[in-house]
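Engineer:
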Amino acid sequence: MLIPLVNSHPVRRILIVKLSAIGDILHALPVSSAIGQTFPDVELYWAVEEPFKTLLEGNPYLKGIIPFPKLNSKLLLSPEARRDYLDRLHALKAYQFDAVLDLQGLTKSAIIVRASGARLKLGYHWQRELAKYINTPVPRRPESVHIVDQYLDVAQYVVENLPKVTFPFHISPEDDSAVLQLLKAEGIDPKRPFVSLNPASAAVIKQWGTDHYAGLINTLHAEGIPSVLVTADRAVAEAVAAKVEVPFANLVGKTSLKQLGAVLKHSAVHVCGDTGSGHLATALERPVISLIGPTDPDRACPYGQRENVISHREACSASCTWHKCAYAVPHCMQAITEQEVVAKILAIVKSC
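Numbering-wise (numbering that gives the first Met the number 0), the sequence shown opens with residue 0 and increments by one.
(1) Which complete beta strand (DSSP E) runs does the region 30–68 hold, if anything under 3 residues is left out?
(2) Whole angstroms are fine: how far does the CA of Gln304 sit from the CA of Cys331?
(3) Please classify Lys205 as buried or exposed, where buried requires at least 16 other C-beta atoms within 10 Å of its C-beta.
(4) Between the C-alpha atoms of Glu339 and Pro225, what's the straight-line distance to the nearest angstrom?
(5) State whether the region 219–235 contacts the region 244–251, with contact taken as three or more CB pairs (one from each stretch) at a distance under 8 Å.
(6) Determine the closest residue to Arg139 out of Leu259, Asp152 and His311, with distance taken between C-alpha atoms.
(7) By the three-class DSSP mapping on this structure, what secondary structure does Gly303 have?
(8) How is Ile13 classed by DSSP in three states: helix, strand or coil?
(9) Once DSSP output is grouped into helix, strand and coil, what is the label at Ile224?
(10) Exposed or buried, Asp174, counting other C-beta atoms within 10 Å across all chains shown (16 or more means buried)?
(11) If you compare alpha carbons, which of Asp97, Leu54, Thr37 and Ala33 is closest to Ile24?
(12) Using DSSP bridges, identify the partner residues of Pro136.
(13) Assuming Cys351 is part of the alpha helix (DSSP H), what are its boundary residues?
(14) With H, G and I counted as helix, E and B as strand and the rest as coil, what does DSSP make of Ser195?
(15) Excluding five sequence neighbours on each side, which residues of the same chain lie with their C-beta closer than 8 Å to the C-beta of His124?
(16) Going by beta carbon distance, what residues of the same chain come within less than 6 Å of Ser276, once the five residues before and after it are set aside?
(17) Can you give the beta carbon distance from Pro167 to Tyr44, rounded, assuming they're within the 8 Å contact cut?
(18) Let me know the beta strand (DSSP E) ranges lying completely inside the region 238–271, each 3 residues or longer, listed in chain order.
(19) Do Leu88 and Ile65 come within 8 Å of each other at the CB atom, strictly closer than that value?
(20) For the alpha helix (DSSP H) containing Asp148, name the first residue and the last one.
(21) For Leu105, does the count of other Cβ atoms within 10 angstroms reach 16, so buried, or fall short, so exposed?
(22) Would the beta-carbon of Tyr302 fall within 8 Å of that of Val178?
(23) DSSP three-state label for Ile21, please.
(24) Give the DSSP-derived three-state secondary structure of Gln338 in the structure shown.
(25) Cβ of Ala369 within 8 Å of Cβ of Lys17?
(26) In whole angstroms, give me the CA-to-CA distance for Lys163 and Lys242.
(27) How should Asp40 be labelled, buried or exposed, when 16 other C-beta atoms within 10 angstroms of its C-beta is the threshold for buried?
(28) Could you spell out the range, first to last residue, of the beta strand (DSSP E) harbouring Ser310?
(29) Could you name the residues of the same chain whose beta carbon sits closer than 7 Å to that of Thr209, not counting the 5 residues immediately before and after it, in chain order?
(30) How long is the line joining the alpha carbons of Thr294 and Gly272, rounded to whole angstroms?
Laid out in structure tokens, this is it:
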């Protein structure tokens with residue numbers, strides 16, 4: 000049974016609800032390993048939106064993955080999609096979950112929590128929308144600044160002594176082999192240090208800029224360090240590629256999510272902004288140089304790599320927020336120089 004839950008109510012089956020997105024799901028992975036390592040006999044399931052299911056495949060601590068479609072206007076307007084969604088909700092009761100851990104804290108996760116029928120409904124401290132009426136929030140410990148630690152606060156409610164933080168992200172031998180062949184085809188020797196770069200981010204105000212990334216690739220080539228471009232944003236990738244004057248490997252659109260992980264695993268270092276690839280590289284225990292603008296790096300930088308963050312939030316206006324910039328071009332991102340990025344890269348590469 001789980002401690003400190005009521006002794007008269009043993010817990011056999013737990014559902015984690017973290018539906019999206021890439022970085023957030025990766026942040027939550029240590030919850031599954033903490034519970035799975037401590038209580039190997041407990042059956043652990045995870046509810047996730049379908050596009051992100053692959054992030055959880057191969058996780059040794061999960062008994063099963065329960066996919067859901069994204070709850071949006073398209074789903075609500077389609078009778079067939081609504082019926083499918085309701086059928087999936089109804090099917091949750093058959094699992095007979097004893098506890099649910101809501102690490103999303105939104106209406107879309109609260110609906111699943113409620114449908115599960117679980118006796119115990121716990122959420123991480125920031126419960127919003129309908130979630131705050133359904134879940135019991137677990138208070139944040141004062142020392143839990145990073146979002147990973149805030150999620151682990153929920154795990155600590157059921158795991159008395161947390162084990163070492165680990166990120167169970169599985170890459171199959173087939174995906175790893177495919178990536179090695181792909182790198183070689185692009186002229187990259189996987190046995191030599193190379194840098195992977197992701198110039199994109201979901202929010203434009205969090206992007207360093209295509210000129211900077213192109214200049215970085217040019218400079219790294221002069222230093223004898225190959226570059227590999229990886230991103231899901233083809234437009235940004237094309238803008239970078241058009242400005243690069245030296246050979247580099249462009250893997251945009253050539254890898255699956257798992258294969259992207261394999262690329263990052265073989266990198267000497269990954270360079271990116273506030274985006275999911277940085278957290279994926281961290282899960283694979285690779286160094287990440289994070290170029291952080293308006294985001295609070297203490298809360299959301301790649302876990303355990305605060306020393307590799309380059310941030311100039313002092314350039315922000317008092318009215319700037321993590322999703323809204325006071326300037327036409329974000330001053331905090333433009334304050335990051337290629338020289339300081341190169342210096343960090345060289346220091347890491349030389350230590351390889």
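We put the beta carbon where it would ideally sit given N, CA and C, even for glycine.
Structural biologist: With the given structure in hand:
(1) Segments of the beta strand (DSSP E) lying fully in the region 30–68: 42–48 and 63–67.
(2) Pairing Cys331 with Gln304, the inter-Cα distance amounts to about 20 Å.
(3) Burial call: buried.
(4) Put simply, the backbone Cα of Glu339 is about 18 Å away from that of Pro225.
(5) Taking 8 Å as the limit for Cβ pairs, the verdict is that the region 244–251 does touch the region 219–235.
(6) Of the candidates Leu259, Asp152 and His311, the one whose C-alpha sits nearest the C-alpha of Arg139 is Asp152.
(7) Of the three classes helix, strand and coil, the one that applies to Gly303 here is coil, per DSSP.
(8) Three-state result, Ile13: strand.
(9) Reduced to three states, the DSSP call for Ile224 is coil.
(10) Flag for Asp174 reads buried.
(11) Comparing Cα-Cα distances from Ile24 to each of Asp97, Leu54, Thr37 and Ala33, the minimum goes to Leu54.
(12) According to DSSP, Pro136 bridges with Gly122.
(13) Looking at the DSSP string, Cys351 is not in any alpha helix (DSSP H), and its letter there is neither H nor E.
(14) In this structure, Ser195 counts as strand in the three-state DSSP scheme.
(15) Shown here for His124: same chain residues with a beta carbon closer than 8 Å to its own, the five before and five after excluded, namely Pro136, Val137, Pro138, Arg139, Gln149 and Asp152 in chain order.
(16) Short of 6 Å from the beta carbon of Ser276, and not among the five residues preceding or following it, lie these beta carbons of its own chain, in chain order: Asn197.
(17) Distance from Pro167 to Tyr44 at the Cβ level is roughly 14 Å; contact not present, criterion being Cβ atoms closer than 8 Å.
(18) The region 238–271 is shown to contain whole beta strand (DSSP E) runs of 3 or more residues at 268–271, in chain order.
(19) It is not a contact, given that the beta carbons lie outside the stated cut-off.
(20) Its alpha helix (DSSP H) spans residues Ile146 to Val157.
(21) Taking every protein chain shown into account, the CB of Leu105 has 16 or more other CB atoms within 10 angstroms, so this residue is buried.
(22) Taking 8 Å as the cut-off, the beta carbon of Tyr302 is found no closer than this to the beta carbon of Val178.
(23) Residue state, collapsed to three classes: helix.
(24) Per DSSP, reduced to three states, the secondary structure at Gln338 is helical.
(25) The question about residue 369 has no answer, for the chain in this structure spans 0 to 351.
(26) For Lys163 and Lys242, the distance between alpha carbons rounds to 43 Å.
(27) It counts as exposed.
(28) Going by DSSP, Ser310 is part of the beta strand (DSSP E) stretching over Val308 to Ser310.
(29) Same-chain partners within the cutoff: Pro198, Val235, Ala238, Val239 and Lys242.
(30) Spanning the two alpha carbons is a distance of roughly 10 Å.
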